[in-house]
Amino acid sequence: MNYYQLLLICVLAGSVILLTGKYFFKRRRRNIFSMLIGDVQAYVSYLFEEHWQADLAYHDLDHTRLVVKRTQEIASNFRLDDLQEFILFSAAWFHDTGQLTGPPAGHEHRSVRLMEEFLSDKGIAPDSISAIGRCILSTSIPHSPSNILEEIICDADTYNLGNEEFLITDAKVAREMQKRADVDLSHWDKETLAFLSAHRFFTPYCKSMLSQGKQNNIHLVRERIKNKSGQTP
1287 MNYYQLLLIC VLAGSVILLT GKYFFKRRRR NIFSMLIGDV QAYVSYLFEE HWQADLAYHD
1347 LDHTRLVVKR TQEIASNFRL DDLQEFILFS AAWFHDTGQL TGPPAGHEHR SVRLMEEFLS
1407 DKGIAPDSIS AIGRCILSTS IPHSPSNILE EIICDADTYN LGNEEFLITD AKVAREMQKR
1467 ADVDLSHWDK ETLAFLSAHR FFTPYCKSML SQGKQNNIHL VRERIKNKSG QTP
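Residues 1287 to 1519 in the numbering used here are what the sequence shown lists, from first letter to last.
This is how it looks when you write it as structure tokens:
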């Protein structure tokens, strides 16, 4: 074996060691984030069980779980790294926890505070905590997401506007707002129509999958208004 052959073997061996090291580092990093998401899920579930309110007809733990599921569905269409997924799924779990500690108005900011208190004790980097907070705040109406993570969670949170669940969820939101914010439901349908008409999906996936369904729901609300008033809205 000459010098160059030996050198080549050493280089190849070093490359294998380096690649193996990177693989185990990435796997360990993914495991850590998975464990943290598990902690987030357990804590948020505890919050909803501990502070459950009968008035939360819509913004309950089932809604949060569904938003997380929709977030996963939408995110699967993008190549997100482990940190981005951690930021996104943490935001999805925490985004409505503020509903448990006060009125509907301003609940996003209270959700951010609950998230910050929990994740700060976990040693999460301040930049990551800030990114999670921005994702949560992006779900405030009207939506104005500034990056793909915020677009994903906004679409996940309003996914129901574009599918057959809408009429059921709309009725739940109406009951909740009547009880929690003393909303007059006599104008609810017209306000719902205005909300649907102004809303838009941001990700290509949801634009493709849900836009037609949202138009169908707009038509249903228009018909509901027409049947009640005898006039075209």
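Every residue, glycine too, gets a C-beta built ideally from N, C-alpha and C. A quick note: this is a predicted structure, and the numbers were derived from the prediction, not measured.
Taking the Cβ atoms as the reference, Leu-1482 lies roughly 6 angstroms from Val-1507, within the contact range of under 8 angstroms.
For secondary structure counted as the alpha helix (DSSP H) over 4 or more consecutive residues, the region 1449-1487 holds these complete runs in sequence order: 1452-1467, 1474-1484. Counting along the chain, Arg-1510 sits inside the alpha helix (DSSP H) bounded by residues 1490-1515. The beta carbon of Gln-1370 is closer than 7 angstroms to those of Leu-1435 in its chain, skipping five residues each way along the sequence.
Here the region 1391-1398 does not lie against the region 1325-1341, with fewer than 3 beta-carbon pairs under 8 angstroms apart.
Judged by DSSP in its simplified three-state form, Asn-1433 adopts coil rather than helix or strand. When the Cα atoms are used, Arg-1399 and Ser-1424 turn out to be separated by approximately 15 angstroms. Counting only runs that start and end inside the region 1304-1368, the alpha helix (DSSP H) elements of at least 4 residues fall at 1347-1361. Nearest neighbour of Arg-1351 by Cα position, chosen from Leu-1366, Tyr-1329, Gly-1409, Arg-1365, turns out to be Tyr-1329. The Cβ atoms of Tyr-1332 and Val-1459 do not sit closer than 8 angstroms to each other.
Considering only Asp-1346, Asp-1368, Leu-1374, Asp-1367, the residue with the shortest C-alpha distance to Arg-1356 is Leu-1374. Here Leu-1453 is exposed. Its C-beta has fewer than 16 other C-beta atoms within 10 Å. Where Leu-1423 is concerned, the enclosing alpha helix (DSSP H) starts and stops at 1412-1423.
Ser-1376 counts as buried, since at least 16 other C-beta atoms from the protein chains shown sit within 10 angstroms of its C-beta. When secondary structure is reduced to three states using DSSP, His-1381 falls in the coil class, being assigned neither helix nor strand.
Judged by DSSP secondary structure, Ser-1397 falls within the alpha helix (DSSP H) whose first and last residues are 1393-1406.
Check the Cα spacing between Glu-1402 and each of Ile-1318, Ile-1427, Val-1326: the tightest is with Val-1326. Gly-1448 is positioned such that its CB atom lies closer than 8 angstroms to that of Leu-1496. Using a Cβ distance threshold of 8 angstroms, His-1381 and Ser-1406 do not count as a contacting pair. Counting every other CB atom within 10 Å of its CB across the protein chains shown gives His-1473 a total below 16, marking it as exposed. Judged by DSSP in its simplified three-state form, Ile-1427 adopts coil rather than helix or strand.
Of the candidates Trp-1379, Gly-1388, Tyr-1445, Asn-1433, the residue whose Cα lies closest to the Cα of Gln-1498 is Tyr-1445.
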